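Okay, structure first, notes after.
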Amino acid sequence: MSPSTTASAVLAQGLPAEAGRLARAWRQARRRPASAVGAVIVLLFVATAIGAPWIAGVDPMQTDWKQVRKAPTLAHPFGTDDLGRDAFARVVWGTRISMQAGVFSILLAIAVGVPLGLVAGFYRGALDQTIMRLTDAWLAFPFLILAIGLVTIMGPSLTNATIAIGLGATPTYIRLTRGLVLATAAEDYVQGARALGAGDLRLMSRHVLPNIVSSLLVQATISIPVAIIAEAVLSFLGLGVQPPAPSWGTMLNTAQQFLETAPWMAWWPGLAIFTLALSFNLAGDGLRDLLDPRDY
Amino acid sequence: MRRAAISVVTLAVISMIVFTGVRMIPGDPARIMAGTDADAAGIEAVREKYGLGDPIPLQYLRWVGLALRGDLGHSIRTREPVVSTVATKLPITIELAFLSLVIAVGIAIPAGVLAAVRRNTLWDMLASGASLGGVSIPNFWLGIMLILFFSVELGWLPASGFVPIWESPLDNLRRMIMPAFVLGTALAAVLMRQTRNSMIEVMSADYIRTAYSKGLAGRAVVFRHAIRNSLIPVVTILGLQMGALMSGAVVTEQIFVVPGFGRLIVEAVFTRDYPLVQGVVLITASSYVLINLMVDLSYSLLNPRIRIGGRPG
Chain A
1 MSPSTTASAV LAQGLPAEAG RLARAWRQAR RRPASAVGAV IVLLFVATAI GAPWIAGVDP
61 MQTDWKQVRK APTLAHPFGT DDLGRDAFAR VVWGTRISMQ AGVFSILLAI AVGVPLGLVA
121 GFYRGALDQT IMRLTDAWLA FPFLILAIGL VTIMGPSLTN ATIAIGLGAT PTYIRLTRGL
181 VLATAAEDYV QGARALGAGD LRLMSRHVLP NIVSSLLVQA TISIPVAIIA EAVLSFLGLG
241 VQPPAPSWGT MLNTAQQFLE TAPWMAWWPG LAIFTLALSF NLAGDGLRDL LDPRDY
Chain B
297 MRRAAISVVT LAVISMIVFT GVRMIPGDPA RIMAGTDADA AGIEAVREKY GLGDPIPLQY
357 LRWVGLALRG DLGHSIRTRE PVVSTVATKL PITIELAFLS LVIAVGIAIP AGVLAAVRRN
417 TLWDMLASGA SLGGVSIPNF WLGIMLILFF SVELGWLPAS GFVPIWESPL DNLRRMIMPA
477 FVLGTALAAV LMRQTRNSMI EVMSADYIRT AYSKGLAGRA VVFRHAIRNS LIPVVTILGL
537 QMGALMSGAV VTEQIFVVPG FGRLIVEAVF TRDYPLVQGV VLITASSYVL INLMVDLSYS
597 LLNPRIRIGG RPG
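Heads up: the protein sequence lines correspond to chains A and B, in order.
Here this note's numbering is used: the first residue of the first sequence is 1, the next is one more, and so on.
Here this note's numbering is used: the first residue of the second sequence is 297, the next is one more, and so on.
So this is what it looks like as structure tokens:
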């Protein structure tokens, strides 16, 4: 048998398996059409964020004094703003900022929160108590108040807003991870691995962590839309992205001054936040059903 | 007792975080706390009062001592004591929070109960869909859209401003109804989901089956047995949502120009009024802890089976 026939045999065997997986995904998607639509819209927003320069067409910062606060037309499908900038281009570029803030802040929260929760849940005792009391205190600061406080110290910018949102979301991940670790560490297979002589680090990374990843993923789909809204709020208050950068929050801030003469300025950025957050939540619901089939 | 002790520890940690936070602002703390327009004598006075030359732990203890006696320093901008500034703004936000709580509970509990009792019907889907929408809609955009519709288009309600309730309760309500609705919907979405879940759980409990089997009508079972028991987790969520309500108030007051606690925070940040920011953050976090302590203690009133610190069972 020549190598090429072996390869094609493997390929032939592999194909039905691949098709089976696709068919299964399709069945899952058909069972929850709303979640599937949500997931597709999230992917469209991701594509928009990546392809912003090509989709927007015109420069989002380009001012045009002859086109100030014009209602939507074919040339400017979302209208223009108070400086004659194309609202469509600004909403498209705003996707990038929102996605960046939403995803990176939650990645930060996971990077800080999961190791702390893991250590607290795994070792228990005084370390656990210390970490959890700190978490309690951290949680007592309302999300936005904490973010405002941090931005006051660090100064307003997209990076600092992202850090502030991420630190605000961290306690949730510490608590969640700790709870999951407490439940997982008591399982027989973890005890078994320990009896076989596995070290703490190996137990945590090979036996505990893989079993709690799906719950963390579900939590991430819940927190990302919250983080996206939080970024918009901070920018709306002037504590996040600074003008003239196109962020949905700063656009709404400007729009508020022209509600009577140019209401379209307020429609699109808000609609974009709402659609993105709703799609994330719908997709997250589906993911939760898929990974964590408890009945709710 | 144990819950109370934990709360005291939490409060102590909060005060340390706030204390450290203000000291992380770059620059001379005495200059920062005295304000940019303060002269050398003013800066010295602040340095003297807070003992800013002393070791840090001693400074912290002095600051906590003053805070416990109700002295959180003076606002840089107005020279008013922080405590009295907060005291004039807080009632406005409490009224707003109360109204939105009424709206939230008024929507969420009937909708949640209905969704659970008529599970997997059109009612359930409508309620769950509305709840998902409520979580996803940015409340500041909802506020702007309400102004656009009710104030700009229809001209029914004033877009902004504030009238004290003792001057004209009607005008006060006309200006508070939109912000309260905006704040209430976000809370209602979360509460509804919780009410539905805990109602479903309670409805499958043994005593509900017993109530049915002894011949009670469905309505009586739901109202007399199920709702009361399913409300305990809802009250917990309500306590934990106080923080979100506070965050929401910051944004909502900003949009509707309500001169409350939330607007005070934003103003304080923009004017770099550090003592005011410090005081406001400390008060917010502390009240969150105290509210949740009260929520925990209220369980034993709602359900005598739970005795905090007592033996389980």
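Every residue gets a Cβ at the ideal spot worked out from N, C-alpha and C, and that includes glycine.
Note that the structure is predicted; figures quoted are calculated from it, not measured.
Hey, is residue i's beta-carbon within less than 8 Å of any beta-carbon in chain A?
i      : result
V459/B : no
P434/B : yes
M499/B : no
I328/B : no
S371/B : no
T381/B : no
T417/B : no
G338/B : no
T306/B : yes
L357/B : no
G317/B : yes
L658/B : The question about residue 658/B has no answer here: the residues shown for chain B are numbered 297 through 609.
L410/B : no
I403/B : no
G480/B : no
Give every residue of the same chain whose Cβ lies closer than 7 Å to the Cβ of residue i, excluding the five residues on either side of it in the sequence, and list them in chain order.
i      : result
M559/B : The residue asked about is misnamed: residue 559/B is Arg in this sequence, not Met. Counting only Cβ-Cβ distances below 7 Å, and skipping sequence neighbours, we find E549, Q550.
I587/B : G535, M538
R85/A  : P60, M61, Q62, T63
T306/B : V585
D467/B : V459
T48/A  : I55, V92, T95
A169/A : S105, I106, A109, S223, A227
S582/B : L307, I310
Take the Cβ of residue i as the centre, count every other Cβ of all protein chains shown within 10 Å, and call the residue buried at 16 or more, exposed below.
i      : result
E187/A : exposed
K510/B : exposed
S35/A  : buried
W462/B : exposed
L287/A : buried
M320/B : exposed
L196/A : exposed
Y173/A : buried
Q191/A : exposed
D136/A : buried
R489/B : buried
G121/A : buried
N416/B : exposed
L291/A : exposed
D285/A : buried
G425/B : exposed
Can you confirm whether residue i, when its beta carbon is compared against all beta carbons of chain B, has any partner nearer than 8 Å?
i      : result
D81/A  : no
N281/A : yes
Q256/A : yes
E187/A : no
L259/A : yes
Given residue i, which residues of its chain have a CB within under 6 Å of its CB, disregarding the five upstream and five downstream residues?
i      : result
S396/B : A476, L479, G480
A507/B : V517, H521
Please list, in chain order, all residues of the same chain as residue i whose beta carbon is under 8 Å from its beta carbon, the five residues on each side excluded.
i      : result
F236/A : G249, T250, L252, N253
S594/B : V531
L610/B : Nothing about residue 610/B can be read from this structure; chain B reaches only from 297 to 609.
R343/B : A326, G349
T374/B : T381
V151/A : N160, A161, A164, L234, L239, G240
- Task: Evaluate the contact criterion for the region 431 to 439 of chain B versus the region 471 to 482 of chain B: three or more CB pairs, one atom per stretch, below 8 Å.
- Result: Segments in contact, yes.
- Give a yes or no on contact between the region 33 to 51 of chain A and the region 275 to 291 of chain A, applying the rule of three or more CB pairs nearer than 8 Å. The region 33 to 51 of chain A, when compared against the region 275 to 291 of chain A, does touch it at the 8 Å Cβ threshold.
- Residues of the region 121 to 144 of chain A with Cβ closer than 7 Å to any Cβ of chain B, in chain order: R133, L134, D136, A137, A140, F141, P142, F143, L144
- For the region 160 to 178 of chain A, which residues have a beta carbon sitting closer than 7 Å to at least one beta carbon of chain B? none
- Item | Residues of the region 568 to 594 of chain B with Cβ closer than 7 Å to any Cβ of chain A, in chain order | Residues V573, V577, T580, A581, Y584, V585.
- Using 8 Å as the Cβ pair cut-off and three pairs as the minimum, do the region 363 to 379 of chain B and the region 440 to 452 of chain B touch? no
- Query: Looking at C-beta atoms only, is the number of pairs between the region 116 to 129 of chain A and the region 92 to 102 of chain A that lie closer than 8 Å three or more?
  - Reply: no
- Query: Taking any Cβ of chain E, which residues in the region 264 to 279 of chain A have a Cβ under 9 Å from it, in chain order?
  - Reply: Annotation note: the requested chain E is absent from the structure, which comprises protein chains A and B.
- Within the chosen definition, does the region 205 to 216 of chain A reach the region 174 to 188 of chain A through at least 3 CB pairs nearer than 8 Å? yes
- Task: May I ask you to list, following chain order, the residues of the region 226 to 253 of chain A that have a beta carbon less than 8 Å from some beta carbon of chain B?
- Result: I229, A232, V233, F236, L237, G238, L239, L252
- Item | Residues of the region 99 to 123 of chain A with Cβ closer than 7 Å to any Cβ of chain B, in chain order | none
- Short-range partners of chain B found in the region 144 to 159 of chain A, where Cβ spacing is below 7 Å: L144, I145, I148, G149, T152, I153
- Query: Quick check: the region 135 to 154 of chain A against the region 299 to 317 of chain B, are there 3 or more CB pairs under 8 Å?
  - Reply: yes
- Query: Okay, do the region 147 to 161 of chain A and the region 232 to 246 of chain A touch, 3+ Cβ pairs below 8 Å being the bar?
  - Reply: They touch, by the three-pair rule.
- Query: Mind listing which residues of the region 547 to 567 of chain B have their C-beta closer than 8 Å to chain A's C-betas, in chain order?
  - Reply: V547, Q550, I551, I561, V562, V565, F566
- Query: Contact between the region 253 to 263 of chain A and the region 113 to 124 of chain A: three or more CB pairs below 8 Å?
  - Reply: No, the region 253 to 263 of chain A does not touch the region 113 to 124 of chain A.
- With 9 Å as the limit, tell me which residues of the region 532 to 543 of chain B have their beta carbon closer than that to any beta carbon of chain A; keep them in chain order. L536, M538, G539, A540, L541, M542, S543
- Task: Below 9 Å between beta carbons is the criterion; list the residues of the region 496 to 524 of chain B that meet it against any residue of chain A, in chain order.
- Result: I496
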